[in-house]
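J.: To convert, take the position in the sequence shown, counting from 1, and add 11; that gives our numbering.
Note that CB positions come from ideal geometry on N, CA and C, so glycine has one too.
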Amino acid sequence: ENVRLNAEVESLRAELETQAHLHERLRASERSVRQELEEVRRKYSESVSVLEAAIQRTEDEQRRQADLQQEAVQRMQEQLDKRDARWRAEVERLWAEISGQPAPRTSFVS
């Protein structure tokens, strides 16, 4: 009876050691997964920051380009207005030179 109990105790000790070893491996795996998860979170956060900065730079550049285009459009409109005024003055001058009379006010000449 004593031998049987000793054998059972030894068996239970071995089982307990096995369970303790498995438990330790499980805890080590859990730590590893948590560390990997933190690394993924950190990389994700860094990636989001990089993307947000890139988006901001792109938006800034788009605004700068739009401002430059607006300035170019304004310059071109001013040049067109000046050319139009010169053309109208030249048409009026030629009209007066050819006809001897002031140019009539029409939709073409204001």
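For residue 113, count neighbouring C-beta atoms within 10 Å of its own C-beta (all shown protein chains included) and say buried if the count is 16 or more, exposed if not.
T.: As a working mapping, residue 113 is identified with position 102 in the sequence shown. So residue 113 ends up on the exposed side.
J.: Between the C-alpha atoms of residue 115 and residue 90, what's the straight-line distance to the nearest angstrom?
T.: Your numbering for residue 115 matches position 104 in the sequence shown. Your numbering for residue 90 matches position 79 in the sequence shown. Near 25 Å, if we compare the C-alpha coordinates of residue 90 and residue 115.
J.: So for residue 46, helix, strand or coil by DSSP?
T.: Here residue 46 is taken as the residue at index 35 of the sequence shown, counted from 1. Reduced to three states, the DSSP call for residue 46 is helix.
J.: For residue 19 and residue 30, I'd like the C-alpha separation in whole angstroms.
T.: Start at 1 with the first residue of the sequence shown, and residue 19 comes out as number 8. Start at 1 with the first residue of the sequence shown, and residue 30 comes out as number 19. Between residue 19 and residue 30, the C-alpha separation is close to 16 Å.
J.: Just to confirm my understanding: we take residue 26, look at its own chain, exclude 5 residues before and 5 after, and list those with CB closer than 7 Å. What are they?
T.: Here residue 26 refers to the residue found at position 15 when the sequence shown is read from its first residue. The beta carbon of residue 26 sits closer than 7 Å to no other beta carbon from its chain once the five residues preceding and following it are set aside.
J.: Near residue 57, which residues of its chain fall below 8 Å by C-beta distance, leaving aside the five closest residues on each side in sequence?
T.: Looking up residue 57 in the sequence shown gives position 46. Same-chain partners within the cutoff: there are none.
J.: Do you know how far the Cα of residue 62 is from the Cα of residue 46?
T.: To locate residue 46, count along the sequence shown from 1; it is residue 35. To locate residue 62, count along the sequence shown from 1; it is residue 51. Distance between the alpha carbons of residue 46 and residue 62: 24 Å.
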